[in-house]
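A short worksheet on the structure shown next.
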Amino acid sequence: MNMSSKLTRGELRSLFHKQAGVDEKIGLEIEIAVLDQDTGRSLPYEGQRGMRALLEAFVRDGIGQPAYKGELLTQVDMNDGAKITFEHGGAIEYCSPVTQNLIELIVTMQQSLRRLAETASTLNLALVPGGIFPFNTVENANWMPKPYGKFMREHFTALGDPGSGGEQIMAHTISTQTTLDYTSEEDLICKLRTSVSLTPIVVALFANSPLEDGESRGSLSRRTEHWFKTDSRRSGLIPRALKEDVTIDDYIDWALNNEVIFYATDGEYKSGEGCTFAAVLADGFPDGRYPTLVDWRNHLCQLWPDVRTRETIELRAPDGPPFEAIPAVPAFWVGILYHRPSCDSVWQLLKDCTIEQHQVARADAARQGLSAQYCGKPIASLAKEVIRLAEEGLQHRINLGLEDPKVLEYLEPLKTIVETGKTFAESCIENWNGSLVRSPARFVEMYRIK
């Protein structure tokens, strides 16, 4: 594309087009805190026990091959097809191979993460999944050398209070995200509406970020609370996503009207200088270049709603659970979204909730967990029903021969949460103030991958 070519609406839409016969596959992205096993704090990029040394150790131990940007080691391509990268505040991200079923996904993930953790332990480092770095703050964060990070931080700072959670999200929150397919535009809309409507329930069920700098802040999901002040124009709830007649054009319009935080030209990142994508589509970037489909896709990566769509659907609302409960995350989403009757039933259950009720419930769920209300109903009772529907969806896949019966066990942690009324976060607080005697070293030992 030359300097004067302009993308058409049809070209923007093409990113969401699916050919007939698309298989529904499953992917998993797990952000994992890399912690000093004694202090529970993050580590810098450089140094004998820093992020670079950890990635080099993965390569040394035959786990995968290194990938560089210039002289910067940024990624390890694992031998099984997974990828390991690092996040802004010193987490690693495990991006799984895409699989046809949950068993293959989970077995591969567990084997890979245990092997990574074994290597990390040789550096006296622990890999701890969850929703937050429990003993860090923005002030003592170790920022990784991600070249576009400075543009993100400048963007949030310029917003003032509405962007005050942005650095918190970048510095010390982590999550476990599921990526699923859609087979058509109609299927995308069904999955989008349903998954967005589930957000308050998902926030409550998976709440697991109660500690910040070693203290409970009166919330079960500090990660969710930080998202409230991470430029709400581009995060959280997508406008119109709770409407019966929502279309992919609504999503495109929402994306077009958000600012470009950064863009890349000739391998160099530049500030979008406050221009929306609609503006650069019409007039070009500040350097005169008109955006390409690559720029459009990169812009969509700079939007962080609870449910994000590009060629796939990314389900971003849950805090990461403890290691042994990670299978519950993809099992929950697959059971609901890959079984049309369950997907439709959840939408019928929640479709009458207004945007205002959704926003209030999401905030209450972060603080109160299952004790919160959603659209006048206890989240605890709604959670019980949607878990039942997820189980029905998994059973249907088992009946079709798509899944092993063992996958039903993956939902057990969620059933236990509903039965006891105690979230991962509440168990964490209880352990922290009890058997762990508020010791970072004991916390790390309890929650690390082994």
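In this note's numbering, the protein residues as written are 20 to 469.
For glycine and all other residues, C-beta sits at the position ideal for the given N, C-alpha and C.
The structure displayed is predicted, hence computed values, not measured ones.
Practice task
Work out the CA separation of L142 and V456 for me, nearest whole Å.
Solution key: The sequence position of residue 456 within the sequence shown is 437, counting from 1. The sequence position of residue 142 within the sequence shown is 123, counting from 1. The straight-line gap from Cα to Cα measures roughly 25 Å.
Exercise for the section: Using 10 angstroms around the beta-carbon of N21, count the other beta-carbons present and answer buried if the total reaches 16, otherwise exposed. Expected result: To locate residue 21, count along the sequence shown from 1; it is residue 2. In this prediction, N21 has a pLDDT of 43, which is less than 50 and means its spatial position is unreliable; what the coordinates show is noted afterwards. N21 is classed as exposed because its beta carbon has fewer than 16 other beta carbons within 10 Å across all chains shown.
Problem - C-beta atoms of A160 and G89 nearer than 8 Å - result: Numbered from 1 along the sequence shown, position 141 holds the residue referred to as residue 160. Numbered from 1 along the sequence shown, position 70 holds the residue referred to as residue 89. Not in contact: A160 and G89 (Cβ atoms no closer than 8 Å).
Handout entry: Alpha carbon of P148 to alpha carbon of M171, nearest angstrom
Key = Along the sequence shown, one-based indexing puts residue 148 at 129. Along the sequence shown, one-based indexing puts residue 171 at 152. Rounded to whole angstroms, P148 to M171 spans 24 Å at the Cα level.
Exercise for the section: Mind checking who F35 pairs with in its DSSP beta bridge? Expected result: The residue you call residue 35 lines up with position 16 of the sequence shown. Answer is none; F35 lacks a bridge partner.
Exercise for the section: Pull up the distance between the alpha-carbon of I374 and that of N98, whole angstroms please. Expected result: Within the sequence shown, the letter at position 355 stands for residue 374. Within the sequence shown, the letter at position 79 stands for residue 98. Approximately 45 Å between the Cα atoms of the pair.
Problem - Contact between the stretch 389-404 and the stretch 306-322 (3+ Cβ pairs under 8 Å) - result: Result no; under three Cβ-Cβ pairs closer than 8 Å.
Practice task
Sort out for me which residues DSSP pairs Q414 with in a bridge.
Solution key: For the purposes of this step, residue 414 is taken as residue 395 along the sequence shown, with counting starting at 1. Residue pairing by DSSP places Q414 in no beta bridge whatsoever.
Exercise for the section: Could you give the DSSP three-state label for R28: helix, strand or coil? Expected result: The residue labelled residue 28 in the question sits at position 9 within the sequence shown. The answer is helix: DSSP assigns R28 an H, G or I state.
Exercise for the section: For D338, count neighbouring Cβ atoms within 10 angstroms of its own Cβ and tell me buried if that reaches 16, exposed if not. Expected result: Locating residue 338 in the sequence shown gives position 319, where the first residue counts as 1. Buried: at least 16 other Cβ atoms inside 10 Å.
Practice task
Decide if Q67 is buried, meaning its Cβ has at least 16 other Cβ atoms within 10 Å, or exposed.
Solution key: Looking up residue 67 in the sequence shown gives position 48. Q67 should be labelled exposed.
Practice task
Just grab the DSSP bridge partners of A52 for me.
Solution key: Position 33 of the sequence shown holds residue 52. Partner(s): A110, V147.
Handout entry: Cβ shell of N452 (< 6 Å), same chain only, five flanking positions each side left out
Key = Along the sequence shown, read from residue 1 onward, the residue named residue 452 stands at position 433. The answer is none, since no qualifying residue turns up.
Practice task
Kindly indicate which three-state DSSP category A283 falls into: helix, strand or coil?
Solution key: Reading the sequence shown from its first residue, position 264 is the one you call residue 283. Of the three classes helix, strand and coil, the one that applies to A283 here is strand, per DSSP.
Problem - Three CB pairs or more closer than 8 Å across the stretch 406-418 and the stretch 349-368 - result: Contact between the stretch 406-418 and the stretch 349-368 is present: three or more C-beta pairs spanning the two stretches fall below 8 Å.
Practice task
Could you round the C-beta distance between W246 and G184 to whole angstroms and report it? I think they count as a contact, below 8 Å.
Solution key: Stepping through the sequence shown from its first residue, residue 246 is reached at position 227. Stepping through the sequence shown from its first residue, residue 184 is reached at position 165. The distance from the Cβ of W246 to that of G184 is about 6 Å, consistent with a contact at the 8 Å cut-off.
Handout entry: N-terminal and C-terminal residue of the beta strand (DSSP E) that K102 is part of
Key = Within the sequence shown, the letter at position 83 stands for residue 102. First-last of the beta strand (DSSP E) with K102: 102-105.
Problem - Short Cβ contact (8 Å threshold) for I332 with L211 - result: Mapped onto the sequence shown, residue 332 falls at position 313. Mapped onto the sequence shown, residue 211 falls at position 192. In this structure, L211 lies closer than 8 Å to I332 by Cβ.
Practice task
Can you give me the start and stop residues for the beta strand (DSSP E) that E445 sits inside?
Solution key: Here residue 445 refers to the residue found at position 426 of the sequence shown. Note, E445: premise wrong, no beta strand (DSSP E); alpha helix (DSSP H) at 443-452.
Practice task
Give the DSSP-derived three-state secondary structure of R327 in the structure shown.
Solution key: Here residue 327 refers to the residue found at position 308 when the sequence shown is read from its first residue. In the structure shown, R327 sits in a strand (DSSP, three-state: E or B).
Problem - Minimum C-alpha distance to R71 - residue among T58, V53, R60 - result: The count along the sequence shown starts at 1 and reaches residue 71 at position 52. Of the listed residues, the one whose Cα sits closest to R71 is V53.
Problem - Whole-angstrom distance between T156 and T243, CA atom to CA atom - result: The sequence position of residue 243 within the sequence shown is 224, counting from 1. The sequence position of residue 156 within the sequence shown is 137, counting from 1. Rounded to the nearest angstrom, the two C-alpha atoms are 16 Å apart.
Problem - For E464: DSSP bridge partner residues - result: As a first step, residue 464 is located in the sequence shown; it is residue number 445 there, counting from the start. According to DSSP, E464 bridges with nothing at all.
Practice task
May I have the straight-line CA-CA distance separating W323 from D250, to the nearest angstrom?
Solution key: Working through the sequence shown from its first residue, we reach residue 323 at position 304. Working through the sequence shown from its first residue, we reach residue 250 at position 231. Cα-Cα distance, rounded: 9 Å.
Exercise for the section: Count the other C-beta atoms from every protein chain shown that fall within 10 angstroms of the C-beta of V41, then say buried if there are 16 or more, exposed otherwise. Expected result: Translated into positions along the sequence shown, residue 41 becomes position 22. With a 10 Å radius around the Cβ and a threshold of 16 neighbouring Cβ atoms, V41 comes out exposed.
Exercise for the section: Could you give the DSSP three-state label for E65: helix, strand or coil? Expected result: Mapped onto the sequence shown, residue 65 falls at position 46. Reduced to three states, the DSSP call for E65 is coil.
Handout entry: Buried or exposed by the 16-neighbour rule on C-beta atoms within 10 Å, applied to L124
Key = Mapped onto the sequence shown, residue 124 falls at position 105. Result: buried.
Handout entry: Under the three-state DSSP convention, the category M163 falls into
Key = In the sequence shown, counting from the first residue as 1, residue 163 sits at position 144. Here M163 sits in coil by DSSP.
Problem - Contained beta strand (DSSP E) runs [length at least 3] in the stretch 280-366, N- to C-terminal order - result: DSSP runs (the beta strand (DSSP E)) wholly in the stretch 280-366: 281-284, 287-290, 326-328, 332-334.
Practice task
Return the residue from the list Q56, Y309, K289 that minimises the CA-CA distance to A298.
Solution key: For the purposes of this step, residue 298 is taken as residue 279 along the sequence shown, with counting starting at 1. Of the candidates Q56, Y309, K289, the one whose C-alpha sits nearest the C-alpha of A298 is Y309.
Handout entry: Nearest-angstrom Cα separation, counted from K25 out to N450
Key = Stepping through the sequence shown from its first residue, residue 450 is reached at position 431. Stepping through the sequence shown from its first residue, residue 25 is reached at position 6. Going from the Cα of N450 to the Cα of K25 covers about 57 Å.
Exercise for the section: Identify every residue that forms a DSSP beta bridge with G388. Expected result: Sequence index remark: in the sequence shown, residue 388 carries index 369 (1-based). In DSSP, G388 forms no bridge with anything.
Exercise for the section: Evaluate the contact criterion for the stretch 198-216 versus the stretch 369-383: three or more CB pairs, one atom per stretch, below 8 Å. Expected result: Touching, yes, given that three or more Cβ pairs across the two stretches are closer than 8 Å.
Problem - Contacting residues, own chain, Cβ-Cβ under 6 Å from F351 (five flanking each side not counted) - result: Working through the sequence shown from its first residue, we reach residue 351 at position 332. Excluding residues up to 5 positions away in sequence, A409 lie with their Cβ nearer than 6 Å to the Cβ of F351 in the same chain.
Problem - First and last residue of the uninterrupted alpha helix (DSSP H) at T439 - result: The residue you call residue 439 lines up with position 420 of the sequence shown. First-last of the alpha helix (DSSP H) with T439: 431-439.
Practice task
List the whole-angstrom C-beta distance separating L31 from I271, where the pair is believed to meet the contact cut-off of C-beta under 8 Å.
Solution key: Numbered from its first residue, the sequence shown carries residue 31 at position 12. Numbered from its first residue, the sequence shown carries residue 271 at position 252. L31 to I271, Cβ: 6 Å. Contact.
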